[in-house]
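Structure first, commentary second.
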Amino acid sequence: MTESATDPVHADGPARPTVGVAVIGYSFMGKAHSNAWRNVAAFYPDVPRAVQRVLVGRDPDGVREAADRYGWQESATDWRAVLERDDVQVVDICTPGHLHAEIAEAALAAGKHVLLEKPLANTVAEAEALVAAARAASARGVQSMVGFNYRRVPALALARELIAAGRLGEVREVRAAYLQDWLVDASAPMAWRLRKEEAGSGALGDLGSHVVDQLQFLLDDTITWASGHLRTFVPTRPGASGPEDVTVDDAAWATLGTSRGAVASLEVSRMAHGRKNGLALEVFGSQGSLSFQLEALNELVVDTGAGGTRILVTESDHPYLDAWWPPGHVLGWDDTFVNQAADLLSCIGEGRAPSPSFADGAAVQRVLAAIEASAAQSGTCVTVEAGPKASTPPVPVPAAAPAVSLEPRP
Ligand code: SOE
-16 MTESATDPVH ADGPARPTVG VAVIGYSFMG KAHSNAWRNV AAFYPDVPRA VQRVLVGRDP
44 DGVREAADRY GWQESATDWR AVLERDDVQV VDICTPGHLH AEIAEAALAA GKHVLLEKPL
104 ANTVAEAEAL VAAARAASAR GVQSMVGFNY RRVPALALAR ELIAAGRLGE VREVRAAYLQ
164 DWLVDASAPM AWRLRKEEAG SGALGDLGSH VVDQLQFLLD DTITWASGHL RTFVPTRPGA
224 SGPEDVTVDD AAWATLGTSR GAVASLEVSR MAHGRKNGLA LEVFGSQGSL SFQLEALNEL
284 VVDTGAGGTR ILVTESDHPY LDAWWPPGHV LGWDDTFVNQ AADLLSCIGE GRAPSPSFAD
344 GAAVQRVLAA IEASAAQSGT CVTVEAGPKA STPPVPVPAA APAVSLEPRP
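Okay, so the sequence shown: first residue is -16 according to the numbering used here, each after it adds one.
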């Protein structure tokens, strides 16, 4: 990798390398990622400084206006030309899924580190090609990571540590639901997320990919079988030139089994009236349980038998929190993307492989494919295709369990 110059702003201090960033895509995810690149240097002074070089999109006026608003030095409409620039070291891809493979493979071949928004790809075949491209690039020191930003929610990172430290005993059951309602109105217009050729799948890929990644992340386990059902409740929607067929699922359900014998229920929908961005996770073990709600993302409830303890995950010794505010000064959804950018920059700076890797993303894709295959056979149990071992580093289990009090509240 060619790193750009050291940070001119800190030229008289210790050299802080700079990394030029390009984001491709400027709608919802492009905005969330832009916000992260704009703020990461302020919260994480020890990672290479991100420089917002260029925001890329198809509509010249739209991308220019967005670039200006989100703090980018420039805008561009040709992503291939951006890959040729020497002042760009990181390419962050926030496009619809059908463009992921082509852009990411070209970026890796051009020697750019890649952050690729979830889900990794639209199909297992594309995911596997991306894994091969990432492996070849990593041999040249080029890093790649999938944007499963919920791994960077401090409460979920803490939950993973608690599970790894055995605080719940043997994990037996998980309930996982990710519910939104932005499609509940049948007159909501057609969008790329509702076309299979662009999105790959519907709620399953969009929301289910987060759930499957969280299950494998929290439990440090692999999903090996699936039984699923999919439904499209509104089969046509108003398109630009008349009614258009919806070719993906509106909601999905699955029972999933892991290699260590845990069983999880998955429920995802974009038509769950009243649920805006409701990711709810409950993990039940032989000695305790924990629960989490994304809409209260600073909280984790842990119950080890003496009544539940609500942990406000804002202490400086909780994951990510030493970079942020004093205790009780809560983080938001957008801050998880800042943590994600910091993790990637730290790995780039130290020449380490980031996590979740493209192999982790492909592992998620194989579970989604198994759910789809099962749904096509009325829910018959399907074995998840085995892939190469994903590379998420094992959770470091502290000698003493993480410093959280699980005593009941007075
Ligand atoms: C849309 O349903 C969406 O933006 C997802 O694509 C994101 O990954 C999720 O974080 C919020 O909802």
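We put the beta carbon where it would ideally sit given N, CA and C, even for glycine. Since we're looking at a predicted model, the values are computed, not measured.
What does DSSP give as the partner residues of residue i in its beta bridges?
i    : result
H212 : W236
D219 : Per the sequence presented here, residue 219 reads as Thr, with Asp not at that position. Its beta-bridge partners are D228.
L98  : D75 and M128
R158 : S248 and E265
R32  : T1
A104 : Partner(s): none; A104 has no beta bridge.
T292 : V285
Q276 : A263
S58  : L38
I86  : DSSP output for I86 lists no bridge partner at all.
V365 : A209
I7   : V39 and I76
T241 : I206
Hey, is residue i close to the ligand SOE, as in C-beta under 7 Å from one of its heavy atoms?
i    : result
H212 : no
F200 : no
N260 : yes
H256 : no
F11  : yes
R253 : yes
K14  : no
L190 : yes
K101 : yes
Q323 : no
Q276 : no
H193 : yes
Q163 : yes
Mind reading off the beta-carbon distance from residue i to residue j? Whole number of angstroms is fine, and I expect it under 8 Å.
i    : j    : result
H409 : F320 : In the structure as shown, the chain starts at -16 and stops at 393, and residue 409 therefore has no counterpart that could be examined.
V34  : G3   : 5 Å
A234 : A186 : 5 Å
L139 : V285 : With 8 Å as the limit, L139 and V285 do not qualify as a contact, their Cβ atoms being about 13 Å apart.
D51  : A5   : The Cβ separation is near 16 Å, so there is no contact.
A247 : L198 : 5 Å
T207 : V367 : 5 Å
Leaving aside the five residues before and after residue i along the sequence, list all residues of the same chain whose C-beta is less than 6 Å from its C-beta, in chain order.
i    : result
R118 : none
P381 : Model confidence at P381 stands at a pLDDT of 47, short of 50, so the residue's coordinates are unreliable and nothing is read from them.
V347 : S192, V195 and D196
A120 : L91
G40  : Y9 and V46
D32  : The question names Asp, yet the displayed sequence has Arg at residue 32. Within the same chain, R32 has close Cβ partners D(-10), R(-1), T1 and A24.
L264 : A159 and F275
S58  : L38, V46, R47 and A50
Evaluate residue i with the Cβ neighbour count: other Cβ atoms within 10 Å of its Cβ, from every protein chain shown; 16 or more gives buried, anything less gives exposed.
i    : result
H312 : exposed
A369 : exposed
H301 : buried
E67  : exposed
W307 : buried
E333 : exposed
T241 : buried
G183 : buried
R432 : This structure cannot speak to residue 432, because the chain is shown only from -16 to 393.
P102 : buried
G13  : buried
R150 : buried
S252 : buried
S340 : buried
E180 : exposed
G225 : exposed
R243 : exposed
Which residues in the same chain have their Cβ closer than 8 Å to the Cβ of residue i, if we skip the five residues on either side of it in sequence?
i      : result
T(-15) : Here the model assigns T(-15) a pLDDT of 42, short of 50, so the residue's position is not dependable and the matter cannot be decided.
E111   : A345 and G370
A223   : M173
Taking 7 Å as the limit between beta carbons, can you name the residues of its chain near residue i, skipping five residues before and five after?
i    : result
G152 : G268, S269, Q270 and G271
P337 : Q126, M128, D326, L327 and C330
T78  : I7, G8 and I86
D232 : S184, G185, A186, L187, L213, R214 and T215
V154 : I146, L202, A245, V266 and G268
A237 : A209, S210, G211, L249 and I354
D317 : A15 and N18
N260 : Q163, L277 and E278
Q323 : A19, G130, N132 and R135
V97  : V74, I76, A87, A90, L91 and S127
H256 : D164 and V167
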